[in-house]
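K.L.:
Structure provided below as structure tokens; questions to follow.
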Amino acid sequence: MKRVIVIGGGAAGMMAALAAAEAGHSVTLLEKNREPGKKILITGGGRCNVTNDTDPEGMLDAVVTNRKFLYSAMYGMTSEEMRNLLRRAGLETKVESGGRVFPVTERAGDVVDALLKLLKASGVKLRTGCEVSGIMTEELSEARRICRGVELTDGSTVEADVVIVATGGLSFRGTGSTGDGLRFAREAGLNVTETRPGLVPLITDVGWVHELTGVSVADADIRVRTGKKVIYGETGDVLFTHFGLSGPGILNASSSAGKGMRKAFEKGEPVTVVLNLLPDHETTEEFESVLQNSIAEHHEKAVRNILSSFIQKSLAEALFKVCGIAADRRGSELKREERRALTKACTALEIEVTGFQKFAHAMVTQGGVSTRDVDPSTMEARAVKGLRFAGEVLDVDAITGGYNLHIAWATGKLAGSTI
Ligand SMILES: Cc1cc2nc3c(=O)[nH]c(=O)nc-3n(C[C@H](O)[C@H](O)[C@H](O)COP(=O)(O)OP(=O)(O)OC[C@H]3O[C@@H](n4cnc5c(N)ncnc54)[C@H](O)[C@@H]3O)c2cc1C
91 MKRVIVIGGG AAGMMAALAA AEAGHSVTLL EKNREPGKKI LITGGGRCNV TNDTDPEGML
151 DAVVTNRKFL YSAMYGMTSE EMRNLLRRAG LETKVESGGR VFPVTERAGD VVDALLKLLK
211 ASGVKLRTGC EVSGIMTEEL SEARRICRGV ELTDGSTVEA DVVIVATGGL SFRGTGSTGD
271 GLRFAREAGL NVTETRPGLV PLITDVGWVH ELTGVSVADA DIRVRTGKKV IYGETGDVLF
331 THFGLSGPGI LNASSSAGKG MRKAFEKGEP VTVVLNLLPD HETTEEFESV LQNSIAEHHE
391 KAVRNILSSF IQKSLAEALF KVCGIAADRR GSELKREERR ALTKACTALE IEVTGFQKFA
451 HAMVTQGGVS TRDVDPSTME ARAVKGLRFA GEVLDVDAIT GGYNLHIAWA TGKLAGSTI
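Going by our numbering, the first residue of the sequence shown is number 91, and it counts up by one from there.
See below:
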């Protein structure tokens with residue numbers, strides 16, 4: 091039996107503590123907040139999208155950064171296993187669109203309570219309001235150190251054979267994710283890759299976008315263009331906001347195309363989000379003939395009414411503004427160029443974006459403890475015996491859909507169960 095300390099009572103930390111305790115070790119979980127699981131409470135809009143109902147390959151396909159590193163973790167813990175674990179604590183889950191899994195109660199707090207119940211039953215000692223200030227290590231050889239325990243901010247120390255750092259990233263600092271683990275890793279001699287906001291809304295100066303605040307488009311075709319090159323293409327939901335673009339589809343683009351977009355911003359190249367707003371994503375040419383036929387059929391109707399059978403009204407009004415067309419004109423009065431401009435606005439609406447929002451609005455942190463310095467089959471630092479990492483503190487991240495929490499559960503389980 092080893093003495094195990096887990097730092098961080100988030101998803102990764104609670105799972106690591108549970109796995110280590112169930113493997114027969116003496117486990118203490120240290121959380122600096124008064125209550126554990128503060129970030130879990132705000133996930134999935136307070137409903138907690140716990141995981142995704144997919145197989146390990148599906149999980150890996152959703153990973154944006156360091157997919158290969160997560161192979162053992164994802165194969166070591168399936169979404170079914172996560173759902174069974176919650177069931178063991180009396181919490182049933184359900185599957186929604188896109189395989190998103192939520193507790194049937196639709197309350198994130200129930201996920202935290204279920205985990206706390208399991209932790210208690212497995213004998214994990216939970217110390218809240220307890221902030222770690224550093225990791226104690228000793229030199230083993232020139233190239234290798236050994237972990238001896240942790241120092242707390244009150245000046246005391248706690249000895250341990252294994253320390254698992256599950257302190258999260260840098261997003262939503264109010265939840266306790268303030269990057270402490272990144273510092274611990276650096277101080278222990280590990281590399282930390284550059285951190286940046288991931289799954290984050292995009293900013294635009296285009297005024298009419300701001301005017302559309304609150305309007306959303308389901309399953310838009312989203313492309314990202316830097317200069318003349320299309321660097322990303324996927325479908326997803328888009329939400330117009332008072333600063334720019336958000337919604338799961340845009341958040342995914344911000345992570346998956348983040349590198350390319352950042353490079354373009356640095357070079358001063360324009361970055362454009364191109365949206366096809368039509369439900370069936372017809373091309374500009376296809377839609378032009380559809381619109382032409384509709385106008386011919388309803389030539390007495392105002393274009394506003396003609397277009398609203400293809401696109402929601404609030405959005406259609408904005409598109410008329412973008413194209414400089416009065417919405418009450420009759421369809422038959424539209425000139426060819428005006429019809430073209432309108433079809434292009436529906437099928438390839440161009441919005442130049444100027445940047446990303448900050449960590450305070452990011453769902454995840456991209457970058458973190460370098461996966462090169464961590465053994466993917468145990469989550470142990472290659473150069474520090476007994477020091478392990480799990481969850482968002484690592485340089486791993488995925489798109490939206492329950493995958494980031496699953497990374498936390500899976501890496502946490504691996505870190506705890508392989509001691
Ligand atoms: C608004 C929002 C919604 C999201 N929704 C979803 C979703 O629905 N589905 C999904 O899959 N993902 C979602 N995510 C992402 C997901 O929540 C995170 O990726 C995941 O929770 C990370 O878990 P973690 O345990 O690694 O880190 P965290 O949850 O950040 O936990 C780290 C813990 O460590 C503690 N800590 C930090 N430093 C110290 C220290 N020095 N001493 C002691 N304790 C310390 C912190 O207080 C915190 O409790 C969302 C994120 C946000 C911000």
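Cβ atoms here follow ideal geometry from the backbone N, Cα and C, with glycine treated the same way.
Using a threshold of 9 angstroms, state whether the C-beta atoms of Pro193 and Ala452 are closer than that.
P.N.:
Contact flag unset, no.
K.L.:
Please indicate yes or no: does the CB of Lys319 lie closer than 8 angstroms to some heavy atom of ligand 1?
P.N.:
No, Cβ of Lys319 sits at least 8 angstroms from all heavy atoms of ligand 1.
K.L.:
Would Leu100 pass as a contact of Thr285 if the rule is Cβ separation under 9 angstroms?
P.N.:
A small fix is needed here, since residue 100 is Gly in this sequence, not Leu. Not in contact: Gly100 and Thr285 (Cβ atoms no closer than 9 angstroms).
K.L.:
Using the beta-carbon count (16 or more within 10 Å), is Thr433 buried or exposed?
P.N.:
Buried, because 16 or more other Cβ atoms sit within 10 Å of the Cβ of Thr433.
K.L.:
As a quick exercise: from Ile321, Asn366, Val117, pick the residue whose alpha carbon is nearest that of Ala32.
P.N.:
There is no way to answer for residue 32, as the model of the chain reaches only from 91 to 509.
K.L.:
How close, in whole Å, do the beta carbons of Leu521 and Asp463 come, if the pair is a contact with beta carbons under 8 angstroms?
P.N.:
This structure does not reach residue 521, given that the chain is present from 91 up to 509, and the question cannot be answered.
K.L.:
Quick one: Cα of Ala347 to Cα of Lys215, how far?
P.N.:
Taking the straight line joining both Cα atoms gives about 42 angstroms.
K.L.:
Going by CA-CA distance only, name the one from Lys207, Arg217, Thr144, Glu356 that's closest to Ser187.
P.N.:
Selected option, being the one with the closest Cα: Thr144.
K.L.:
By how many angstroms is the C-alpha of Val253 removed from the C-alpha of His115?
P.N.:
Those two C-alpha atoms are separated by around 12 angstroms.
K.L.:
Where does Leu119 fall in DSSP's three states?
P.N.:
Correct three-state label for Leu119: strand.
K.L.:
Can you give me the start and stop residues for the beta strand (DSSP E) that Arg430 sits inside?
P.N.:
Careful: Arg430 lies outside any beta strand (DSSP E), inside the alpha helix (DSSP H) at 426-437.
K.L.:
With a CB to CB cut of under 8 angstroms and the five nearest residues on each side skipped, what residues in its chain are close to Leu150?
P.N.:
Around Leu150: Arg157, Leu160, Tyr161, Met164.
K.L.:
Does the contact criterion of 3 or more C-beta pairs under 8 angstroms hold for the segment 424-431 versus the segment 379-390?
P.N.:
In short, these stretches touch, since the Cβ pair count reaches three.
K.L.:
Reducing DSSP to helix, strand and coil, say where Leu368 ends up.
P.N.:
Leu368: coil per DSSP, three-state reduction.
K.L.:
Among Val290, Leu175, Thr155, Glu372, which one has its Cα closest to the Cα of Phe446?
P.N.:
Of the candidates Val290, Leu175, Thr155, Glu372, the one whose C-alpha sits nearest the C-alpha of Phe446 is Val290.
K.L.:
Ends of the beta strand (DSSP E) at Phe410?
P.N.:
Per DSSP, Phe410 belongs to no beta strand (DSSP E); it is in the alpha helix (DSSP H), 403-413.
K.L.:
Out of Ala354, Phe479, Asp487, Lys319, which one is the CA nearest neighbour of Ala278?
P.N.:
Answer by Cα proximity: Phe479.
K.L.:
Could you check the C-alpha separation between Gly166 and Ala500 for me, to the nearest Å?
P.N.:
Each residue's alpha carbon lies about 7 angstroms from the other.
K.L.:
Can the beta-carbon of Leu131 be found closer than 9 angstroms to that of Ala198?
P.N.:
Yes, these two residues count as a Cβ contact at 9 angstroms.
K.L.:
Could you pull the DSSP bridge partners for Glu440 from this structure?
P.N.:
The partner list for Glu440 (beta bridge, DSSP) reads Val364.
K.L.:
Does Phe355 come out as helix, strand or coil in the three-state DSSP assignment?
P.N.:
Helix at Phe355.
K.L.:
With H, G and I counted as helix, E and B as strand and the rest as coil, what does DSSP make of Gly224?
P.N.:
Gly224: strand per DSSP, three-state reduction.
K.L.:
Is any non-hydrogen atom of ligand 1 found closer than 8 angstroms to the C-beta of Cys138, if you look at the structure I gave you?
P.N.:
The answer is yes for Cys138.
K.L.:
So does Glu121 have its beta carbon nearer than 8 angstroms to some heavy atom of ligand 1?
P.N.:
Indeed, a heavy atom of ligand 1 lies less than 8 angstroms from the Cβ.
K.L.:
Given a cut-off of 9 angstroms on the beta-carbon distance, is the pair Ala438 and Ala109 in contact?
P.N.:
Not a contact, by the Cβ cut-off of 9 angstroms.
K.L.:
What's the C-alpha gap between His389 and Glu407?
P.N.:
For His389 and Glu407, the distance between alpha carbons rounds to 19 angstroms.
K.L.:
Applying the criterion that 16 or more other CB atoms from any shown protein chain within 10 Å of the CB defines a buried residue, is Leu120 buried or exposed?
P.N.:
When all chains shown are included, Leu120 counts as buried.
K.L.:
Using only CA atoms, which one of Gly421, Gly259, Leu409 lies nearest to Gly457?
P.N.:
Answer by Cα proximity: Gly259.
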